[in-house]
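Chains P and D supply the protein sequences, listed in that same order. Numbering follows the numbering used here, with no gaps: position 363 of the first sequence is 417. Numbering follows the numbering used here, with no gaps: position 353 of the second sequence is 407. Glycine included, C-beta positions come from ideal geometry on N, C-alpha and C. The model shown is predicted, which means the values in this text are computed figures rather than measured ones. Step one of this worksheet: look at the structure below.
Protein chains: 2
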Amino acid sequence: MKQTIKIGLFGFGTVGTSVYQVIAKAKNAHAEIRRICVRDIEKPRNAILPDGILTDRPDDIFDDPTINLIVEVVDNSEASYSIVTEALRRGIPVVSGSKAMIASHLPELMELQDRYGTALLYDASSCGSIPVIRNLEEYYDNDLLLEVKGILNGSSNYILSRVFDHGEDYNSALRKAQDLGFAESDPTFDISGIDSLYKLIIITVHALGVYVAPDRVLTYGISTIHDDDIRYAREKRVKIKLVAQVVKVGDSEFTMFVMPEFVDRSRYIYSVDNEYNGVVIRGECYDRQFMFGKGAGGLPTASSILSDVMARRHGYRYEYKKTGYIDTPAYTTDVTLRIYARYAGTDIHAILPFEKVREQYISEQGNYIIGDISLSDLIANRHLLDAPDVFIANIPLFFSDRDD
Amino acid sequence: MKQTIKIGLFGFGTVGTSVYQVIAKAKNAHAEIRRICVRDIEKPRNAILPDGILTDRPDDIFDDPTINLIVEVVDNSEASYSIVTEALRRGIPVVSGSKAMIASHLPELMELQDRYGTALLYDASSCGSIPVIRNLEEYYDNDLLLEVKGILNGSSNYILSRVFDHGEDYNSALRKAQDLGFAESDPTFDISGIDSLYKLIIITVHALGVYVAPDRVLTYGISTIHDDDIRYAREKRVKIKLVAQVVKVGDSEFTMFVMPEFVDRSRYIYSVDNEYNGVVIRGECYDRQFMFGKGAGGLPTASSILSDVMARRHGYRYEYKKTGYIDTPAYTTDVTLRIYARYAGTDIHAILPFEKVREQYISEQGNYIIGDISLSDLIANRHLLDAPDVFIANIPLFFSDRDD
Chain P
55 MKQTIKIGLF
65 GFGTVGTSVY
75 QVIAKAKNAH
85 AEIRRICVRD
95 IEKPRNAILP
105 DGILTDRPDD
115 IFDDPTINLI
125 VEVVDNSEAS
135 YSIVTEALRR
145 GIPVVSGSKA
155 MIASHLPELM
165 ELQDRYGTAL
175 LYDASSCGSI
185 PVIRNLEEYY
195 DNDLLLEVKG
205 ILNGSSNYIL
215 SRVFDHGEDY
225 NSALRKAQDL
235 GFAESDPTFD
245 ISGIDSLYKL
255 IIITVHALGV
265 YVAPDRVLTY
275 GISTIHDDDI
285 RYAREKRVKI
295 KLVAQVVKVG
305 DSEFTMFVMP
315 EFVDRSRYIY
325 SVDNEYNGVV
335 IRGECYDRQF
345 MFGKGAGGLP
355 TASSILSDVM
365 ARRHGYRYEY
375 KKTGYIDTPA
385 YTTDVTLRIY
395 ARYAGTDIHA
405 ILPFEKVREQ
415 YISEQGNYII
425 GDISLSDLIA
435 NRHLLDAPDV
445 FIANIPLFFS
455 DRDD
Chain D
55 MKQTIKIGLF
65 GFGTVGTSVY
75 QVIAKAKNAH
85 AEIRRICVRD
95 IEKPRNAILP
105 DGILTDRPDD
115 IFDDPTINLI
125 VEVVDNSEAS
135 YSIVTEALRR
145 GIPVVSGSKA
155 MIASHLPELM
165 ELQDRYGTAL
175 LYDASSCGSI
185 PVIRNLEEYY
195 DNDLLLEVKG
205 ILNGSSNYIL
215 SRVFDHGEDY
225 NSALRKAQDL
235 GFAESDPTFD
245 ISGIDSLYKL
255 IIITVHALGV
265 YVAPDRVLTY
275 GISTIHDDDI
285 RYAREKRVKI
295 KLVAQVVKVG
305 DSEFTMFVMP
315 EFVDRSRYIY
325 SVDNEYNGVV
335 IRGECYDRQF
345 MFGKGAGGLP
355 TASSILSDVM
365 ARRHGYRYEY
375 KKTGYIDTPA
385 YTTDVTLRIY
395 ARYAGTDIHA
405 ILPFEKVREQ
415 YISEQGNYII
425 GDISLSDLIA
435 NRHLLDAPDV
445 FIANIPLFFS
455 DRDD
């Protein structure tokens with residue numbers, strides 16, 4: 055018989071409360087929550103908790119020798135970093151859902167796991183209930199993988215769905231996403247594409263064995279989307295989705311970025327609506343696999359944490375196998391994208407050095423331009439692209455021929 | 055450094071040839087095929103093979119001490135059974151794609167793995183390239199799972215797609231499926247639902263920890279589908295799909311069956327067309343997960359075998375954890391289904407003892423009836439349902455409220 059998992063839980067917000075409920079429900083997890091560390095112990099809680107389970111002193115968890123797993127769902131990157139690194143240094147395995155922290159510190163976290171012979175699992179950090187990290191690590195652990203592309207942020211996708219399919223205005227859709235608990239505490243993360251970027255960074259480590267620091271990756275969000283963009287997309291019978299992708303380019307390189315994208319009806323991600331996430335894994339031989347599920351919300355995230363908790367019962371850890379592969383590919387930004395840019399007063403050619411302009415439309419109401427531009431130029435001019443009258447979207451061109 | 059996997063391959067048809075190609079391509083698998091055992095060594099082969107790699111004597115593989123993994127993709131259940139059981143008895147791990155053999159002998163195969171301390175992996179046996187077994191075994195290994203439902207046979211789905219969406223006639227669609235290599239060598243298996251049944255039996259062991267012998271499960275296929283059924287479904291704006299499902303019924307029981315089903319537009323499996331497979335995994339907390347991919351064909355199947363081969367490099371084996379769970383649910387057929395039955399001359403009430411008739415339509419061209427009937431009565435009368443003028447389809451009612 056395997057040992058019982060005795061958990062010290064950090065964080066008791068939406069996700070933490072759901073973790074508590076799910077662990078209680080899952081009898082066959084043979085897991086129990088021994089201690090819950092919160093910032094404010096006096097705050098009123100909805101859950102009925104055993105006496106003395108709450109604490110505000112991290113050492114009540116770290117120093118408890120009966121605790122053999124830490125689950126960390128704190129909504130604060132710095133706090134998450136201290137908890138996770140302290141746990142690893144003490145040789146205590148950790149399950150974490152903190153994508154911002156993990157994406158920013160993954161090389162160090164990998165090194166700490168190695169040095170202290172312990173494990174950090176974080177499937178919940180990417181796409182909530184969809185087992186994308188585990189599958190990339192275990193099942194797609196081979197040379198056939200060519201691309202991972204998807205809708206990784208439930209909140210921005212919810213907003214786009216409401217605006218696109220229900221004609222709601224952007225701000226009321228955003229408020230709804232917050233009310234429903236899909237949005238991060240700072241919704242800028244969702245809308246700017248940063249949340250998707252963090253997930254993409256983590257996915258890339260498990261997909262291709264390469265860590266790319268977040269600030270090296272083009273990330274452009276949906277905050278400046280305008281009725282004109284919606285109308286344009288509708289006329290073309292496509293949807294605008296916020297898409298994160300990492301794609302092999304030839305045998306020895308790959309590229310990656312997060313951008314709004316025109317998605318046509320034939321693609322799997324076209325039908326990923328509301329708070330759902332969808333990930334397409336493309337490879338030689340198997341073509342495309344599509345995984346779809348709830349990517350946001352307390353219970354879906356908690357169900358993913360439960361899977362990691364139970365994996366620890368069997369001693370599971372990520373081996374980061376692909377980082378040791380022969381011919382690990384290199385990150386390149388030397389690729390050409392075709393993009394749509396809608397603008398009003400901004401001098402668009404000054405901020406977007408197109409290699410070739412394909413279409414241009416100028417009117418009293420507004421203008422757009424479609425052209426080819428290198429990803430490295432987009433990155434170099436990234437700071438200029440935040441003008442409130444500008445919105446940019448990717449027109450898939452080189453990397454996907456059909457069906458994603 | 056982990057050891058190189060040295061493979062003895064049994065079978066060199068469509069799948070075997072693809073396995074050979076995929077292993078050659080996957081440098082990071084650190085695997086090589088040492089010997090290939092075929093029935094007819096003189097048969098001309100498309101592949102260019104190293105001299106002396108082919109043999110027709112199984113013992114050339116079993117007795118080779120350098121071989122540390124057997125991959126078995128023989129298209130014959132008896133031969134597959136002898137190879138797999140012999141390998142397990144000799145302590146050699148095996149990767150197999152033989153769903154018919156595995157579904158029929160799983161309890162014995164589990165016992166042999168245990169007794170001889172070795173492993174049998176078979177993700178390729180269910181849904182080709184979709185990692186359904188591995189995910190059920192590893193990721194959904196908890197009490198939250200409520201239902202697994204899907205399109206598990208690429209060939210019959212291809213035929214239904216051609217007939218339904220392209221107005222082709224049934225026989226020419228069947229021939230095309232055979233030409234394209236989607237159909238089993240005996241296409242009756244695809245069309246009768248038996249192939250889906252075998253996959254469902256295997257899935258149920260990994261989903262709920264319970265083995266149900268194939269002959270205890272209602273299986274009804276698509277061979278008697280008629281233009282009238284297609285027309286009826288079109289009028290109702292649904293598609294007819296051959297669906298396999300295993301569903302928890304209350305806390306302590308589950309039911310399962312393979313039947314054509316009316317699938318409406320809101321369900322994930324509605325858009326699973328052609329040779330694709332799609333599986334919906336439903337659970338408490340995460341609601342529904344959808345996995346979609348190529349379920350038939352040499353290369354998709356070989357890519358799944360590659361995943362199992364690489365898993366062996368890390369010593370992976372199924373632990374059949376759920377068979378040891380507290381409160382493993384029991385199989386029941388004491389549930390009521392709502393079914394559609396189209397018929398001509400047959401006395402429909404004599405073969406289908408409806409608890410309640412909901413609709414009845416009688417015309418010179420043909421008749422149909424919709425009513426509630428117990429699954430155990432359907433099983434008891436199963437032998438009467440093969441009349442060529444009768445076609446039966448499930449109308450989802452009790453087990454799924456939305457979105458699958």
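1) For D:Ile146, which residues from the same chain have a beta carbon less than 6 Å from its beta carbon, with the 5 sequence-adjacent residues on both sides left out?
2) Below 7 Å CB to CB, which residues in the same chain sit around P:Tyr170 once its five sequence neighbours on both sides are set aside?
3) Where do the ends of the alpha helix (DSSP H) carrying D:Asp282 lie?
4) What does D:Pro185 touch in chain P if you count any residue whose Cβ is under 7 Å from its own?
5) Rounded to whole angstroms, what is the Cα-Cα separation between P:Val149 and D:Asp195?
6) Determine contact between the stretch 314-329 of chain P and the stretch 133-141 of chain P, defined as no fewer than three beta-carbon pairs at a distance below 8 Å.
7) So, D:Val317 versus D:Thr309, is the Cβ gap smaller than 8 Å?
8) Starting from D:Thr382, trace the beta strand (DSSP E) in both directions and tell me its first and last residue.
9) Considering only their Cβ atoms, is the gap separating P:Val127 from P:Phe64 smaller than 8 Å?
10) Which of the three DSSP states is assigned to D:Glu191 in this structure?
11) For P:Arg512 and P:Ala447, I'd like the C-alpha separation in whole angstroms.
12) Give me the DSSP bridge partner(s) of D:Met164.
13) Taking only beta carbons into account, state which residues of the stretch 333-346 of chain P come closer than 8 Å to chain C, listed in chain order.
14) Which same chain residues end up closer than 8 Å to P:Ser131 when comparing Cβ atoms and leaving out the 5 residues on each side of it in sequence?
15) Can you give the beta carbon distance from P:Pro314 to P:Tyr274, rounded, assuming they're within the 8 Å contact cut?
16) Report yes if the C-beta distance between P:Ser430 and P:Thr387 is below 8 Å; otherwise report no.
17) Quick test of the definition: if touching needs 3 or more C-beta pairs under 8 Å, does the stretch 70-77 of chain D touch the stretch 344-363 of chain D?
18) Give me the residue from P:Ala267, P:Asn82, P:Ile87 and P:Phe66 with the minimum Cα distance to P:Pro98.
19) D:Asp197 to P:Ser250, Cα distance in whole Å?
20) Run through the DSSP bridge pairs and tell me what D:Leu314 is partnered with.
21) Let's test the definition: count the other Cβ atoms within 10 Å of the Cβ of D:Thr58 and tell me whether it reaches 16, buried, or not, exposed.
22) Smallest Cα separation from P:Tyr330: which of D:Arg342, D:Met164, D:Ile424 and D:Pro268?
23) Considering D:Phe64, what are the terminal residues of the beta strand (DSSP E) in which it resides?
24) Just to check, is the beta-carbon of D:Asp223 closer than 7 Å to a non-hydrogen atom of the ligand COA?
25) When the Cα of P:Lys253 is compared with those of P:Gly204, P:Tyr193, P:Ile427 and P:Thr71, which residue comes out closest?
26) Is the beta carbon of P:Ile449 closer than 8 Å to that of P:Tyr394?
27) P:Ile257 and P:Val202 look like a contact to me (Cβ under 8 Å); what is the Cβ gap, rounded to whole Å?
28) Does DSSP put P:Glu409 in a helix, in a strand, or in coil?
29) Return no unless some Cβ of chain P is closer than 8 Å to the Cβ of D:Val73.
30) Measuring CB atoms only, is the stretch 395-405 of chain D touching the stretch 415-425 of chain D, in the sense that at least three cross pairs come out at less than 8 Å?
31) If I'm right that P:Ser22 touches P:Ile276 with Cβ under 8 Å, what's the distance once you round it to whole angstroms?
32) To the nearest angstrom, how far is it from the Cα of D:Glu338 to the Cα of D:Ile416?
33) Taking only three categories from DSSP, how would you classify D:Thr71?
34) Relative to chain P, which residues along the stretch 76-91 of chain D have a C-beta separation below 7 Å, given in chain order?
35) According to DSSP, which residues form a beta bridge with D:Val459?
Concretely, from the data shown:
1) So the qualifying residues of the chain are Ile124.
2) Residues of the same chain with a CB within less than 7 Å of the CB of P:Tyr170, apart from the 5 flanking positions on each side, are Leu142, Arg143 and Gly145 in chain order.
3) For D:Asp282, the enclosing alpha helix (DSSP H) covers residues Asp281 to Glu289.
4) Those are Asn189 and Tyr193, listed as they occur along chain P.
5) Between P:Val149 and D:Asp195, the C-alpha separation is close to 17 Å.
6) Taking one beta carbon from each stretch, the stretch 314-329 of chain P and the stretch 133-141 of chain P have fewer than 3 pairs nearer than 8 Å; the two do not touch.
7) No, the Cβ-Cβ distance between D:Val317 and D:Thr309 is not below 8 Å.
8) Segment: none, D:Thr382 is in no beta strand (DSSP E) and carries neither H nor E.
9) Result yes, Cβ atoms of P:Phe64 and P:Val127 sit closer than 8 Å.
10) D:Glu191: helix per DSSP, three-state reduction.
11) The question about residue 512 of chain P has no answer, for chain P in this structure spans 55 to 458.
12) Paired residue(s): none; D:Met164 is not in a bridge.
13) Although the question refers to chain C, the structure presented lacks it and instead comprises the protein chains P and D.
14) Answer for P:Ser131: Ser152, Ala154, Met155 and Ser158, listed in chain order.
15) For a cut-off of 8 Å, the C-beta gap from P:Pro314 to P:Tyr274 is around 7 Å, short enough to register as a contact.
16) Contact: yes.
17) Touching, per the Cβ criterion.
18) Of the candidates P:Ala267, P:Asn82, P:Ile87 and P:Phe66, the one whose C-alpha sits nearest the C-alpha of P:Pro98 is P:Phe66.
19) Put simply, the backbone Cα of D:Asp197 is about 30 Å away from that of P:Ser250.
20) It should be pointed out that residue 314 of chain D corresponds to Pro in this sequence rather than to Leu. Per DSSP, D:Leu296.
21) Its Cβ having fewer than 16 others within 10 Å, D:Thr58 is exposed.
22) With respect to the C-alpha of P:Tyr330, the residue from D:Arg342, D:Met164, D:Ile424 and D:Pro268 having the closest C-alpha is D:Arg342.
23) Looking at the DSSP string, the run of the beta strand (DSSP E) that includes D:Phe64 is Ile59 to Phe64.
24) For the structure depicted, the ligand COA is absent and the ligand set is empty, with no information on it obtainable.
25) Of the listed residues, the one whose Cα sits closest to P:Lys253 is P:Gly204.
26) Cβ distance < 8 Å, so P:Tyr394 and P:Ile449 count as in contact.
27) By a beta-carbon distance limit of 8 Å, P:Ile257 contacts P:Val202. Their separation comes to about 6 Å.
28) Here P:Glu409 sits in coil by DSSP.
29) Chain P, which has no Cβ nearer than 8 Å to the Cβ of D:Val73, makes this no.
30) Because the criterion of three Cβ pairs below 8 Å is met, the stretch 395-405 of chain D and the stretch 415-425 of chain D touch.
31) Look at the range of chain P in this structure, 55 to 458, and you will see that residue 22 of chain P is not part of it.
32) Distance between the alpha carbons of D:Glu338 and D:Ile416 is about 43 Å.
33) Three-state result, D:Thr71: helix.
34) Residues of the stretch 76-91 of chain D with a Cβ closer than 7 Å to any Cβ of chain P, in chain order: Val76, Lys79, Ala80, Lys81, Asn82 and Ala83.
35) Not covered by the structure: residue 459 of chain D. The range shown for chain D is 55 to 458.
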